[in-house]
Structure formats: structure tokens, C-alpha cells
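Going by the numbering used here, the letters in the sequence shown line up with residues 93 to 188, in that order.
Quick reminder that beta carbons are idealized off the backbone N, C-alpha and C, glycines included.
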Amino acid sequence: MILYTTEVTDEALHAEYRSRVAALLEAEGGKFVARGSVVEASDGETAVQRRIAVMEFPTVEQARAWIGPQSEPEHAAVRELRERASNSISFVIEGT
């Protein structure tokens, strides 16, 4: 599983990224478990300015491959869009 926290810096580029990432994710064996821009903090914070996405893969190796160096041109292009459109942090989570 992968958890992304994202601060969007360019809405137009991020919209293009979102329009392309789901099909690519599915083609590589993954799926979105959750994603959205409405995030409610439970520890007293009044506002969260980051978007959250959770992706699930059949194996942790596939999750690591998703965030690792990319040789596939389409995946590299989609990653570049995300990097240009936002500041993201990703976490690979092992286990259930």
C-alpha cells in the first residue's frame, strides 16, 4: 500500500495528472483505496491543506516499483506531471 500526502501548487497540471494516473495505476496492478482533498484532522488541527491518496497493490514489491525509478515512458511522464504540479511525500506501508 502507498500513502501520498500532496500539496498542490498548480491546479491545472494536477488536474491533468489526475486524468491520467488512474488508468496507469490499474494497468500496473494497483487501485485507489481512498483519495480526496477534503481531509479532517482529528488531533485539534483546524485545517489540513494537503490532499491524501491511498493506493493498494497485490504485493509490496509492486508498490515499491510504482514509486521507484521508471523505465516506462508513460509512467515517467505521469510522475513528472505530479512532480511539477505538487509537493508530495509518499510512504510504502507493509502489512494489513
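Proximity below 8 Å, CB of residue i to CB of residue j
i, j, result
"residue 120", "residue 158", "yes"
"residue 113", "residue 148", "no"
Opposing strand residues paired with residue i [DSSP bridges]
i, result
"residue 94", "147 and 184"
When the options are compared against residue i, the one with the closest alpha-carbon
i, options, result
"residue 98", "116, 112 and 131", "131"
"residue 162", "100, 185, 116 and 105", "116"
"residue 105", "156, 185, 95 and 177", "177"
"residue 181", "146, 168 and 111", "146"
"residue 142", "129, 184 and 102", "129"
"residue 169", "93, 111 and 103", "111"
"residue 174", "100, 135, 152 and 185", "100"
"residue 185", "164, 153 and 127", "153"
"residue 95", "156, 144 and 151", "144"
"residue 187", "165, 151, 102 and 127", "151"
"residue 123", "166, 155, 164 and 172", "155"
What residue ranges within the stretch 97-182 form continuous alpha helix (DSSP H) runs of no fewer than 4 residues, ordered along the chain?
-> 103-119, 152-159 and 165-177
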